[in-house]
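A.B. asks:
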Amino acid sequence: MHQYWFFIGDFPIRAYGTLFALAFIVGVGVSLYFAKAEGHPEYMDVFMDLAPLLLISGIVGARFWQVFFFDWEFYRVNPGEIIAVWHGGLSIQGGVVGALIGGVIYVWRKKLPFWNLADIAAPGLMLAQSVGRDANLMNGDAFGGPTGGDFGILYPLGTIARDTFGNQPLWPAEVWEGQVDVIIFALLVMLKLRKWPTGVIFLLYVVFYNLARFFLESLRGDSPRFLFNWTAAQWSSMAAVGIGLILLIWRVWKHKKSRPQEL
Numbered sequence: 060m061h062q063y064w065f066f067i068g069d070f071p072i073r074a075y076g077t078l079f080a081l082a083f084i085v086g087v088g089v090s091l092y093f094a095k096a097e098g099h100p101e102y103m104d105v106f107m108d109l110a111p112l113l114l115i116s117g118i119v120g121a122r123f124w125q126v127f128f129f130d131w132e133f134y135r136v137n138p139g140e141i142i143a144v145w146h147g148g149l150s151i152q153g154g155v156v157g158a159l160i161g162g163v164i165y166v167w168r169k170k171l172p173f174w175n176l177a178d179i180a181a182p183g184l185m186l187a188q189s190v191g192r193d194a195n196l197m198n199g200d201a202f203g204g205p206t207g208g209d210f211g212i213l214y215p216l217g218t219i220a221r222d223t224f225g226n227q228p229l230w231p232a233e234v235w236e237g238q239v240d241v242i243i244f245a246l247l248v249m250l251k252l253r254k255w256p257t258g259v260i261f262l263l264y265v266v267f268y269n270l271a272r273f274f275l276e277s278l279r280g281d282s283p284r285f286l287f288n289w290t291a292a293q294w295s296s297m298a299a300v301g302i303g304l305i306l307l308i309w310r311v312w313k314h315k316k317s318r319p320q321e322l
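Listed below in structure tokens is the structure:
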């Protein structure tokens, strides 16, 4: 893993930033593909207009989540690091929440069908998160705790993981999460082969991802733990799963209620 690809003079080209940008491009590109493939080419322009807003609101949400929910003890004594997003520290959960808030405001003002757009965007969002975990790996953050054996990742000097645990093998938490994200992406694509009530694909993304995140988070070594020895991300995941399931039941119920009754 390398934190820097190369330098232009004294200016570093960071692996984290370039992979983060790639994740965003992949997410938008997949969404554009599904908008066209599913017979909604008019939504392609919507996604292109939405992209800058989602990027900005996602970064703001990701940093806010990381600073105030996940690692406030560090940032409280290092306030100058709060805006240093190039050092890493962008919460995926916060990024999704931030982008969701920005997207909801946009589609509400434009009177666009939120659930249709969310279903189209869900697979791209999931694949983008997988690429984002590659950025974490290259940067040496979002790391696991010590494995207690010879198995695991040995992070190089200069990474937060190495500074935290020294020369110990750590669980490949971010690697496994990136792999699980690809599996969820494939499941969402397969589910798109049949017709579902609007909103179901997006809400399944919310439930699948956060369930996986909850269990994989038990391997993490970079987060403080609270009640039940859960991290902040585990609490966020359980809340998201609960909300996702409630909304999923509501969408299915509403769809059945709107169908004409058979005599």
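If you want my numbering, it's the position in the sequence shown, counting the first as 1, plus 59. Just so it is clear, CB atoms sit at the ideal spot from N, CA and C, and this is done for glycine as well. Keep in mind that this is a model prediction, so the values were computed, not measured.
From Gly153 to Ala299, what distance separates their C-alpha atoms?
C.D. replies: Each residue's Cα considered, the two are about 12 Å apart.
A.B. asks: With DSSP as the reference, identify every bridge partner of Thr290, one or two as the case may be.
C.D. replies: Bridge partners of Thr290: Arg284.
A.B. asks: Quick check on Tyr165: does DSSP put it in helix, strand or coil?
C.D. replies: Three-state DSSP puts Tyr165 in a helix.
A.B. asks: Of the residues Ala291, Asp104, Tyr63, Val311, which one's Cα is nearest the Cα of Phe129?
C.D. replies: With distances taken between Cα atoms, Phe129 lies closest to Ala291.
A.B. asks: Would a C-beta distance cut-off of 8 Å place Asn198 and Tyr102 closer than the cut-off?
C.D. replies: The answer is no: Cβ separation not under 8 Å.
A.B. asks: Going by beta-carbon coordinates alone, are Gly203 and Ala232 separated by less than 8 Å?
C.D. replies: The answer is yes: Cβ separation under 8 Å.
A.B. asks: Quick check on the burial criterion: 16 or more other C-beta atoms within 10 angstroms. Buried or exposed for Phe106?
C.D. replies: So Phe106 ends up on the buried side.
A.B. asks: Tell me which residues share the same chain as Ser270 and place their Cβ nearer than 8 Å to its Cβ, disregarding the 5 neighbours each side in the sequence.
C.D. replies: Sequence check: residue 270 is Leu here, not Ser. Here the set comprises Ser296, Val300.
A.B. asks: Roughly how many whole angstroms lie between the Cα atoms of Thr257 and Arg122?
C.D. replies: Whole-angstrom Cα-Cα distance: 30 Å.
A.B. asks: Distance check for Asn226 and Pro215, CA to CA, integer angstroms please.
C.D. replies: Rounded to the nearest angstrom, the two C-alpha atoms are 9 Å apart.
A.B. asks: Can you tell me whether Arg284 is buried or exposed? The criterion is at least 16 other CB atoms within 10 Å of its CB, across all chains shown.
C.D. replies: It counts as exposed.
A.B. asks: Would you list, in sequence order, the uninterrupted alpha helix (DSSP H) runs of no fewer than 4 residues that lie entirely inside the region 156-240?
C.D. replies: Here the runs fully enclosed are 173-198, 219-224.
A.B. asks: Pull up the distance between the alpha-carbon of Leu114 and that of Lys170, whole angstroms please.
C.D. replies: Approximately 21 Å between the Cα atoms of the pair.
A.B. asks: If you reduce the DSSP assignment to three classes, tell me which class Arg272 lands in.
C.D. replies: Residue state, collapsed to three classes: helix.
A.B. asks: Three or more C-beta pairs under 8 Å: does that hold for the region 174-182 against the region 233-253?
C.D. replies: Taking 8 Å as the limit for Cβ pairs, the verdict is that the region 233-253 does touch the region 174-182.
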